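Residue numbers (this note's numbering): 57 to 238.
In what follows, a structure is listed as structure tokens, so that the remarks can point back to it.
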Ligand SMILES: [Fe+2]
């Protein structure tokens with residue numbers, strides 16, 4: 057799926073019903089465009105995944121109630137490329153929140169997990185973009201999520217589990233960006 061098709065699909069599902077989410081998604085996609093030039097990144101897949109990563113928040117896609125799985129299932133039904141589908145289903149270390157929600161087996165059974173330069177870059181794009189699309193550092197973003205949900209919420213519990221992996225994805229991407237500039 058091209059970035060343009062992915063953009064149109066995301067816009068049709070999110071722009072009207074979830075305008076804040078749509079602003080975030082547009083900024084994540086812009087960040088993905090910038091990171092497409094990192095050696096080893098599959099640019100077209102990264103950009104399409106950035107446009108589609110949060111599509112599972114669209115109310116009419118509601119299935120399990122966990123947006124990475126709901127987005128992945130929706131895209132698979134549409135016949136999207138399997139790599140793209142799985143990147144969406146696993147974006148930002150979704151496996152940890154799936155575990156907290158009792159959905160880890162479902163996620164892993166339906167969507168193989170990819171470890172790659174492209175995956176790392178997608179995590180970086182999402183975590184360096186705030187809820188209204190503003191640029192943030194990933195550490196600011198992690199703190200903000202923790203503050204937003206409070207310590208007892210399942211998202212905060214998942215963050216506790218995923219923080220080391222999220223940081224590692226972001227650090228590797230930062231190092232690749234640095235070596236690109238040298
Ligand atoms: Fe996101």
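Positions of the beta carbon are idealized from the N, C-alpha and C atoms, including for glycine.
It should be emphasised that the depicted structure is a prediction, and the values quoted were computed from it without experimental measurement.
At least one heavy atom of ligand 1 lies less than 7 Å from the C-beta of residue 84. Rounded to the nearest whole angstrom, the C-alpha separation of residue 70 and residue 224 is 30 Å. For residue 124, the enclosing alpha helix (DSSP H) covers residues 123-133. Checking the DSSP bridge columns, you'll see residue 185 partnered with 191. When C-alpha distances from residue 117 are compared across 73, 89, 92, the shortest belongs to 73.
In this structure, the C-beta of residue 110 approaches ligand 1 to less than 7 Å from one of its heavy atoms. For residue 107 and residue 230, the gap between their C-alpha atoms comes out near 21 Å. Burial state of residue 195 is exposed, judged by a 10 Å Cβ sphere holding fewer than 16 other Cβ atoms. Shortest gap from the CB of residue 80 to any heavy atom of ligand 1: under 7 Å. Taken from the Cβ of residue 137, every heavy atom of ligand 1 lies 7 Å or farther away.
Taking residue 66 as the centre and dropping the five residues before and after it, the same chain places the C-beta of 81, 107, 108, 111 closer than 7 Å to its C-beta, in chain order. A direct Cα-Cα distance of roughly 12 Å separates residue 60 from residue 89.
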